[in-house]
Amino acid sequence: MLKWIILTPANLIVACFAEVIAKQLQDRGIFTPQEADEVIERALKHDTNKRIEVFRKKAARAGMQDSIPSLMPGRMVDKIVHLADDMSSTSIPLPGERPYATYLIPWERMIASEFPSRYPDLWQDGLGFDPQGRIIELKDIIAADRNLRWVRSYAFWQPFISNKICRELQGIIDPESAQKPEYFVKDLVNNSLLGK
2 MLKWIILTPA
12 NLIVACFAEV
22 IAKQLQDRGI
32 FTPQEADEVI
42 ERALKHDTNK
52 RIEVFRKKAA
62 RAGMQDSIPS
72 LMPGRMVDKI
82 VHLADDMSST
92 SIPLPGERPY
102 ATYLIPWERM
112 IASEFPSRYP
122 DLWQDGLGFD
132 PQGRIIELKD
142 IIAADRNLRW
152 VRSYAFWQPF
162 ISNKICRELQ
172 GIIDPESAQK
182 PEYFVKDLVN
192 NSLLGK
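Position 53, counted from 1, in the sequence shown is what the numbering used here calls 54; the numbers after and before it change by one each time, with no gaps.
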């Protein structure tokens, strides 16, 4: 049951994206109808009390596997909402213009949404992994402890993690596809919503 939330264009486009992916997984027996509904509900509420902290929480859903950062197993609902948010873009209209919404791969979205000027800390702050594989939040990646591995900015981690989620979804939805995972998911959502 949905509780009272303020619906914004951003929430709605994230929910539309999430609905397309949830339906694909439901059609393949990966999600029950209740799980698909949960994805949509969580996508509608994803912006509640959200600011830059969300990047840290999202990126922290990674772990280490064979000394390489990887996604935690399971948590598909979280992954879809994360991805829907990372690939949904609402324009920044000039005075007198109306905003428009589109779905982009994360790097495209960062450029289209002017992330370098709006969120400059995404290029300075980040995450690294200690020798035991635990995630360490970093205020300045340049000044990070040299014993940390995979020290990268949040601007790196956002598309890195999104790509891993896209790869996982592509493997479920169309394992034979040779398309790059981010473009596969972007095209799947855009084409689905355009009725193609």
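Ideal placement from N, C-alpha and C gives every residue a C-beta, glycine not left out.
Same chain, Cβ closer than 7 Å to residue i, neighbours up to 5 away in sequence not counted
{"i": "Ala23", "result": "Phe32, Ala37, Val40, Ile41 and Ile81"}
{"i": "Pro100", "result": "Pro10, Thr91, Ser92 and Pro94"}
{"i": "Pro34", "result": "Gln27"}
{"i": "Leu13", "result": "none"}
{"i": "Ile69", "result": "none"}
DSSP bridge partner residues for residue i (one or two, in chain order)
{"i": "Arg153", "result": "Leu128"}
{"i": "Tyr104", "result": "Ser89"}
{"i": "Glu138", "result": "Leu128"}
8 Å CB neighbourhood of residue i in its chain, flanking five on each side removed
{"i": "Ser154", "result": "Leu123, Trp124, Gln125, Asp126, Gly127 and Ile142"}
{"i": "Ser178", "result": "Gln171 and Phe185"}
With 16 other Cβ atoms within 10 Å as the buried cut-off, status of residue i
{"i": "Asp87", "result": "buried"}
{"i": "Pro160", "result": "buried"}
{"i": "Arg76", "result": "exposed"}
{"i": "Glu138", "result": "exposed"}
{"i": "Ala144", "result": "exposed"}
Proximity winner among the options, relative to residue i (alpha-carbon distances)
{"i": "Leu72", "options": "Ile162, Leu189 and Ala102", "result": "Ile162"}
{"i": "Ile106", "options": "Val21, Pro117, Pro74 and Val190", "result": "Val190"}
Expected contact under 8 Å - CB spacing of residue i and residue j to nearest Å
{"i": "Ser89", "j": "Val186", "result": "12 Å between Cβ atoms; not a contact."}
{"i": "Arg43", "j": "Val78", "result": "6 Å"}
{"i": "Ile166", "j": "Leu26", "result": "Incorrect: roughly 12 Å between the Cβ atoms, too far for contact."}
{"i": "Leu194", "j": "Cys17", "result": "6 Å"}
Residues near residue i by beta carbon distance below 6 Å, same chain, minus five either side
{"i": "Arg110", "result": "Ser90"}
{"i": "Ala156", "result": "Leu123 and Trp124"}
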